[in-house]
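Residue numbers (my numbering): 19 to 310. Ideal Cβ positions, reconstructed from N, Cα and C, are used throughout, including at glycine. Only a predicted model underlies this, so the values are computations on that prediction, with no experimental measurement involved. First the structure, in the form of structure tokens, and then the observations on it.
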């Protein structure tokens, strides 16, 4: 008797998983980059080979049968094993070369990191940087990025790295204006920041006239005279059109972390990158902490 599982290939598992995730053939075809008719035909062939239905067809979509659920679970385990294998292989590199995906915030990139990344490219021209700006933490375990540079008090436990500096915050206003009674501030997109929580408690709502979800935009708003506001010192002290109105406020400070996945920490390109960036940040420590 022929074993039907001998006819199964990894692509069959990927297809079944895609149908389950999309709850239908159209979404699965889009995710896999193949035609709807191809998904329909291959799913039929897989079910025929196994001698069992993998999905119940409903008007609302495709729902996995118990056999389908088991096949999807196996596909997810195999996919996880493949990702782990690629990370281990990447960790065996000897020379720093290849693509390195770095995620950080727009504010850190614009006001602090770009000159550092430019210097790194000159130092290691064989490493190609792919930089992703996001205020959300990308999943390094799934290789959304290889390295994360983040301001956070609680880095994910699944990652490893080093605390590179302590980011100071202070109050700033426009250099060319007099006393300004109004405030500009970050909005609820940054509600987890200590500075945002304090502003909500201490600033009368009628004086908080301008809120937004961008540190880069906040610096521009303060410089334009919309209101005074709190900024990281590496942003505020680096702009000639802003003036600092307070010393760094200790309770607003946050750690700057360089993070990677444990299986990538011995990768040549990751190790060299982290060492280089940490060294450059040390040179700018007084600017970052607001003690310059």
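Taking a cut-off of 8 Å on C-beta distances, the region 239 to 254 touches the region 185 to 194, as three or more cross pairs fall below it.
Your pair residue 169 and residue 185 checks out as a contact, with CB atoms roughly 5 Å apart and the cut at 8 Å.
Segment contact: the region 72 to 88 against the region 30 to 48, three or more CB-CB distances shorter than 8 Å; contact assigned. Per DSSP, the continuous beta strand (DSSP E) segment holding residue 121 begins and ends at 116 to 122. Inter-residue distance for residue 205 and residue 238 is about 15 Å (C-alpha atoms, whole angstroms). The Cβ atoms of residue 33 and residue 71 do not sit closer than 7 Å to each other.
Between the region 139 to 151 and the region 120 to 127 there are three or more inter-stretch CB-CB distances shorter than 8 Å, so the stretches are counted as touching.
A distance of 7 Å or more separates the beta carbons of residue 202 and residue 261.
Closest option to residue 271, judged by alpha-carbon separation, among 28, 216, 99: 216. By the C-beta density criterion, residue 285 is buried, having at least 16 other C-beta atoms within 10 angstroms. Contact between residue 245 and residue 299 does not hold, since the beta-carbon distance rounds to 30 Å and is not under 8 Å.
DSSP, reduced to helix, strand and coil, places residue 38 within a helical segment of the structure shown. Following the DSSP letters along the chain, one finds residue 149 inside the beta strand (DSSP E) bounded by residues 145 to 151.
For a cut-off of 8 Å, the C-beta gap from residue 114 to residue 290 is around 4 Å, short enough to register as a contact. With at least 16 other beta carbons inside 10 angstroms of its own, residue 287 counts as buried. In the DSSP assignment, the residues bridged to residue 184 are 273. By the beta-carbon neighbour count (other beta carbons within 10 angstroms, threshold 16), residue 309 is exposed. In the three-state reduction of the DSSP assignment, residue 93 falls in the helix class. Here residue 302 carries a coil assignment [DSSP, helix/strand/coil]. Rounded to the nearest angstrom, the gap between the Cα atoms of residue 236 and residue 51 is 41 Å. Residue 234 and residue 306 have their C-alpha atoms roughly 16 Å apart. Shown here for residue 266: same chain residues with a beta carbon closer than 8 Å to its own, the five before and five after excluded, namely 186, 187, 188, 251, 307, 308, 309 in chain order. Put simply, of 147, 162, 92, 87 the residue whose alpha carbon is nearest the alpha carbon of residue 127 is 147. About 5 Å separates the CB atoms of residue 90 and residue 35; that is less than 8 Å, so the two are in contact.
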